[in-house]
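Residue numbers (my numbering): 774 to 1140.
Here is the structure we will look at, set down as structure tokens.
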Amino acid sequence: MNGRIFTPRSLLATAAVLLLCGVAAQSADLPPKLEIVGKNPALPTVAIISTGGTIAEKTDPKTGGAIPAVTGAELVAAVPGLDKIANVAIMSFSNIDSSQMSPEIWAKLSKVADEVLKKPEIKGLVVTHGTDTMEEGAYFLELTLNSEKPVVFTGAMNDASSPFPDGPGNMYNAVQQICLDNGNDWGVTVTLNCYVNAAREVRKTQTVNVQTFMSGEKGYLGYVLGDKLLKFNTRTKSPKLPVPDKLPKVLSVTMYSGDDGAFVRQAADSGVEGIVVQGVGSGNVNADMDKAVKYALSKGVVVVITTRVYYCAVEAFYGDQGGGKELQDNGCILAGNLQTDKARLLLLLGIAKYGKDLKSIKNLFSN
Ligand code: ASP
């Protein structure tokens, strides 16, 4: 789980990120820069920011466990035929397993990505990232990027030392998707195993299989088929929010059967500003959790309700204690069809922008 992380501008900024990530830097790697590979004037230039994940991991022969091992440049070098479709500009941002990612790191990544996308010669950006939290990283950038150029998150389920690595094919398709993008307005996508998913909808659904990312009821946006991009769908647009200098403390709690609400009470007492409570069914919690939620609300905590159910949305239907309607009537925000981890990111950025302005925060959850 160890690795390195870099920032674009200064040693100072790098030191701040290193502190946040708790990882060690090698001064020779600083500051990270865009390394251009290929200068064919007939081809578009696509930026690639590598952050780590299985796509950049190899199995350590000593322990038998996969660990961060491959740089951005090595990732690109392993993709046959990439030089025939694009010039690439590579930046090694970090090399960490995505279980170590955090909103602080995605905030930094978002700023770096916007800087890169500002360059007129860059057609779009591929971010390589671990798949475990890719849906969150992609959604964080969907919410915060200023640029409207295409951004594609990709990664791999099989590591770079596997006899059947899926990373090179995924990288090729991600670059190809950007080359073939002619105003799709798909925002940030997660594209693996040829399927293009919208950042807002995508979920990792399988722990080990290469066909793991799916988009639920909304469906895939498209499919990269060789040198063609099939288009199936449009995206549901997300609100745009600034990357805050300081992130508020927002957490999520999963309600379980028989839950006494203790975690929510403790969170409220610890001074968190927002809590996402993942309830059951159409957004319902038990009586003890309902009391704990009311306690949190009384302390000025913003409470958002999601569900553990995969399809459709939470709704204000049940009016008994802990029912979705009762929760909403008491001041909770219902997250619609947004899944818990993404609702947490939206709440975090929403509180950072609007503070305790409940009406404005509620509006963010309205689509
Ligand atoms: N453990 C990996 C990660 O960084 C899993 C992957 O990338 O597929 O999320």
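Idealized CB from N, CA, C, for every residue including glycine.
Under the three-state DSSP convention, the category residue i falls into
| i | result |
| --- | --- |
| F1090 | coil |
| P938 | coil |
| G1031 | coil |
| T827 | helix |
| Y993 | coil |
| L1122 | helix |
| L1003 | strand |
| R976 | strand |
| A846 | helix |
| G795 | At G795 the pLDDT is 31, less than 50, meaning the model places this residue with poor confidence and gives no usable figure here. |
| L898 | strand |
| Y1127 | helix |
| T836 | coil |
| E808 | strand |
| N1057 | strand |
| N1140 | coil |
| D802 | Confidence in D802 is poor, its pLDDT being 43 and thus under 50, which makes the residue's placement unreliable; the coordinate value appears in the next sentence. Reduced to three states, the DSSP call for D802 is helix. |
| M987 | strand |
| S1043 | coil |
| M1148 | What is shown of the chain runs 774 to 1140, which leaves residue 1148 out entirely. |
| L953 | helix |
| M1062 | helix |
| A820 | strand |
| T964 | strand |
| L918 | coil |
| T1079 | strand |
Buried versus exposed call for residue i [16 or more other C-beta atoms within 10 Å across all chains shown]
| i | result |
| --- | --- |
| R1081 | exposed |
| S1133 | exposed |
| F937 | exposed |
| M774 | With a pLDDT of only 45 at M774, under 50, the local geometry of the prediction cannot be trusted, and the value read off the model is given with reservation. M774 should be labelled exposed. |
| S872 | exposed |
| S865 | buried |
| E909 | buried |
| S1025 | buried |
| Y912 | buried |
| E974 | buried |
| T927 | buried |
| P805 | buried |
| D1042 | exposed |
| P923 | buried |
| Q799 | With a pLDDT of 35 at Q799, under the threshold of 50, the predicted position of this residue should be treated as unreliable, and no value is reported. |
| E990 | exposed |
| L998 | exposed |
For residue i, the nearest candidate out of the options (CA to CA)
| i | options | result |
| --- | --- | --- |
| N720 | K835, T836, A820, F1138 | No statement about residue 720 is possible, as the shown extent of the chain runs from 774 to 1140 and does not include it. |
| V1074 | V1045, T985, T978 | V1045 |
| G1031 | K891, S867, A839, N1059 | N1059 |
| S935 | T832, A880, V948, V885 | T832 |
| P841 | D856, S823, K857 | S823 |
| V1066 | V1049, A846, G956 | V1049 |
| D954 | V969, G940, L965 | V969 |
| K977 | Y1083, N1140, A1125, E1088 | Y1083 |
| D870 | N813, G1056, H902 | H902 |
| G940 | L1119, T827, D856, G897 | T827 |
| P876 | L916, E894, E888 | L916 |
| G1096 | L1111, G1123, V1037, Q1051 | Q1051 |
| P1015 | A880, A839, V1077, A815 | A880 |
| G1056 | F1090, G1034, N868 | F1090 |
| T980 | Q1101, L882, T906 | T906 |
| K1106 | Y1127, G1092, L1137 | Note on residue identity: the sequence assigns Ile, not Lys, to residue 1106. The residue with the shortest Cα to Cα distance from I1106 is L1137. |
| V1141 | L994, I858, A829, P834 | Residue 1141 cannot be examined here, being either before or after the span of the chain that is shown, 774 to 1140. |
| Y993 | C967, P1017, P1012, K1013 | C967 |
Residue i CB to nearest heavy atom of the ligand ASP below 7 Å
| i | result |
| --- | --- |
| A850 | no |
| S934 | no |
| D939 | no |
| G826 | yes |
| D838 | A small fix is needed here, since residue 838 is Gly in this sequence, not Asp. No. |
| D833 | no |
| D1114 | no |
| M930 | yes |
| D870 | yes |
| T844 | no |
| G942 | no |
| T980 | no |
| T906 | yes |
| G903 | yes |
Min CB distance residue i to chain E below 8 Å
| i | result |
| --- | --- |
| P923 | You won't find chain E in this structure, because it holds only one protein chain. |
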